[in-house]
Each structure stands twice: as C-alpha cells, then as structure tokens.
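In our numbering, the protein residues as written are 4 to 353. Beta carbons: idealized from backbone N, C-alpha and C, even for Gly. For clarity, every value in this text was computed on a predicted model and none was experimentally measured. Here the structure comes first, spelled out in structure tokens, and everything after it is commentary.
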Amino acid sequence: MKWIFIPWQKSYPTADDLLDADDDAPIIRLINAMLTEAIKDKASDIHIETYERHLQIRFRVDGVLREILRPQRRLASLLISRIKVMARLDIAEKRIPQDGRMALRIGGRAIDVRVSTLPSNYGERIVLRLLDKNSVSLDLAALGMSSHNRRQIDELIQRPHGIILVTGPTGSGKSTTLYAALSRLNASERNIMTVEDPIEYELEGIGQTQVNPKVDMTFARGLRAILRQDPDVVLVGEIRDSETAQIAVQASLTGHLVLSTLHTNSALGPYRGCRIWASSLFCFPPHYWPCWHSDWFVPSAPIVAKRTPPIRSWPIRWGFYPEPHYGSRKDAHSVILPVTVGVLVFMSCC
C-alpha cells in the first residue's frame, strides 16, 4: 500500500481560506489538521456527517463521540471527494456504500485508516477508523489488567488446546488484547496462524491471512485452510456465523489453541450469542454437553478489576468544544474462568 505523508498541522484553515481559494489546498489542509488532531486526542474514529443545513465532524475518544468542528455545509462534497481519492474509492459513485483503506505518516508515525462511506438523504457520510500502530503496546502487561488477572491469562494462553474468546463492544480493545497474547506466544517452537479482516498489526514470525469476500475467502474457508497448515495456535479475527464457530470448536477439540473475538456488552454475553450456534453444539462429544449447559458459564473465581481515572480538561483550541476526558477504557477488565479448565474462556474488554 502506498504511503500518504501528512504534514503535522498546528491549526485548522479559516472558513475564508476554505471558501475563497481557487485550488483544493485548503481542503487538504483541513483534512490534514483533522487527522493530526485526531491522533493527538487518541481518537479511534472520525465521523464526517452531512445534514441538510450543516456539516459535522466528530471524534470518538474513549468510546464517546464528541463534536469537534462544523465546517461550512458547501464543503461537504469537496471534503468527501478528497477522502475518497486518498482511499482510492470511486468518487463518482454515491449510490452505494464503499470501503477502502489508506496508509498515512503523520509526524513520523505510521497510521492505518479504514474508510467507510454510506449514502444518506442529504449526501454521503464517512467514518474513518484510525489505527495508530505506534501508540499501541502489544504487551499484556501494558493493557491495564491487575497482576492477578494477567497471571491467570498468561497461564491460560500457555495451554495446548481450547478456545479463548475476548469479548466486548466495538473499540474496547479486543483485537489489541489478542495481538498481545499472540506476541507473548510467538516463539520458534510454535506455528501460529491467523485469519483476519483486515490484518491490523503485522507480527514477525506469525502467518497472517486476510479474508476477501470478493473471491469467497471467508473466515470459515480461511480457517479450514489454516487447519491444514499444522498450526499450534490459531487466531480467528471474529466468529460471525455458526459455520465458523463449528470449525473453531472442532479445532479446539483436536489439539489446537483457538483465539477469537465476539461483539458483546459483557463477559457473559457470549452465552446468549452461543445460542445461535446451534449446529456447533453437536461438535462436542456427549460428555461435554452437560458442561455446555452449566459448568462452562459458572465462574469458579470471577475477577473484576475496575478503576475510575481522574478527570482532566481538554485544552481549548480554535473551533473546538472543550469536553472532559475520562481516561482509557483499558482500565476495566473482567475474566471469567470455567470450572472445566482448558475448554472455553471468556475475557471481557469493556
């Protein structure tokens, strides 16, 4: 992927600059300033929303959307077209959603950006998902867990087989937690394989595969292929359907350690989610069935660690709305351990 170099911006261009210039330089400076400000504030997403009378830009910081800027409404088409060009999307296509990516370098930092467009009644909306590879430490010790929780997780990921599901809402750190676990396991005596959508962090010594629905390369198909590669540890980016769940369960019962994620609001959320995996229940030998209904989801030693960090004020910048900052959600974790050890573990990031 071609890198796009973004100069570090100290301020936004003024409205006069944006409206009166003959070229697109002010729009470029607006985008550059928006991206650099998002990186400074450690935003996970940028929302660009078009309404009837105004254009709105919001950042998601620590899971909370905050309005940042309201440029002139007439700038919407210019701003969206420029972002589409950067993400190599079709600027003429406004009837259907589009997805793209771009690789940026901002202030010497490598930033991966996923771009999603969506037609709406007043124009297109765009969401940029930011992945700052420099700001993330792929180390379990740096994720804010208590030492007791970390020791338990260290012990669990060293087991030769089973399933570990990291659960939580979008942006809660599920992928970061899994990558940190893979980094801990990464050694020459293990064959570690992944199937992801997309590959978020490139890890040396680990075989990583990306799904591609256009050529029918799905999670299920990729997982089947990986199991023929003699893996010790398998990471599935997300379990989205019963077919993938069934293959993952079978893999865990045949001597593989499987790590994956589920979108839930709590550590016990997967219990409700597993009900849609009806076909997966029959993967287990009969002596596992009682555990499925009871023991797996009865915590023998539930651990909940939660801290409320102090509030600090955002600095007031030109055109910004000062809001309180509540720290990182990495400080809240819960680990649920099953009675039957080594079969299924739920880790919640919230």
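Buried/exposed call for residue i, threshold 16 Cβ in 10 Å
| i | result |
| --- | --- |
| residue 163 | exposed |
| residue 150 | exposed |
| residue 152 | buried |
| residue 219 | exposed |
| residue 35 | buried |
| residue 145 | exposed |
| residue 257 | exposed |
| residue 178 | buried |
| residue 48 | buried |
| residue 171 | buried |
| residue 53 | buried |
| residue 68 | exposed |
| residue 29 | buried |
| residue 40 | buried |
| residue 191 | exposed |
| residue 197 | buried |
| residue 249 | buried |
| residue 234 | buried |
| residue 63 | buried |
| residue 355 | Outside the modelled stretch of the chain, which goes from 4 to 353, sits residue 355, for which no answer is possible. |
| residue 217 | exposed |
| residue 173 | exposed |
| residue 96 | exposed |
| residue 242 | buried |
| residue 208 | exposed |
| residue 101 | buried |
| residue 127 | buried |
| residue 210 | exposed |
| residue 71 | buried |
N- and C-terminal bounds of the beta strand (DSSP E) containing residue i
| i | result |
| --- | --- |
| residue 197 | 195-199 |
| residue 127 | 126-135 |
| residue 263 | 260-266 |
| residue 210 | 210-213 |
| residue 206 | No beta strand (DSSP E) holds residue 206; DSSP gives it neither H nor E. |
| residue 238 | 236-239 |
Endpoints, the alpha helix (DSSP H) within which residue i is located
| i | result |
| --- | --- |
| residue 224 | 222-230 |
| residue 249 | 245-256 |
| residue 40 | 28-43 |
Expected contact under 8 Å - CB spacing of residue i and residue j to nearest Å
| i | j | result |
| --- | --- | --- |
| residue 254 | residue 263 | Their Cβ separation, rounded to whole angstroms, is 10 Å, which puts residue 254 and residue 263 out of contact at 8 Å. |
| residue 135 | residue 42 | 6 Å |
| residue 205 | residue 240 | Incorrect: roughly 14 Å between the Cβ atoms, too far for contact. |
| residue 236 | residue 188 | 6 Å |
| residue 90 | residue 104 | 6 Å |
Cutoff 8 Å: residue i Cβ touching any chain C Cβ
| i | result |
| --- | --- |
| residue 82 | Included in the structure is just one protein chain, with no chain C present. |
(message) Check whether the region 173-192 and the region 54-61 are in contact - that is, three or more C-beta pairs closer than 8 Å.
(response) The region 173-192 makes no contact with the region 54-61; the number of CB pairs closer than 8 Å stays below 3.
(message) Could you check whether the region 65-84 touches the region 101-111, counting it as contact only if at least three pairs of C-beta atoms, one from each stretch, sit closer than 8 Å?
(response) As far as the Cβ criterion goes, the region 65-84 does not touch the region 101-111, which means the pair count is below three.
(request) Just list the beta strand (DSSP E) runs in the region 145-188, keeping only unbroken ones of 3 residues or longer that don't cross its boundaries, in chain order. (result) Those beta strand (DSSP E) runs which fall completely within the region 145-188 and span 3+ residues are 165-171.
(message) With three or more C-beta pairs closer than 8 Å as the rule, is the region 84-99 touching the region 116-126?
(response) The answer is yes - the region 84-99 touches the region 116-126, with three or more Cβ pairs under 8 Å.
(message) Threshold first: 3 residues or longer. Then list the beta strand (DSSP E) segments lying entirely within the region 51-112, N to C.
(response) Qualifying beta strand (DSSP E) stretches, in chain order: 58-64, 67-72 and 101-109.
(message) Check whether the region 123-131 and the region 223-231 are in contact - that is, three or more C-beta pairs closer than 8 Å.
(response) Contact fails between the region 123-131 and the region 223-231, because fewer than three Cβ pairs, one in each stretch, are under 8 Å apart.
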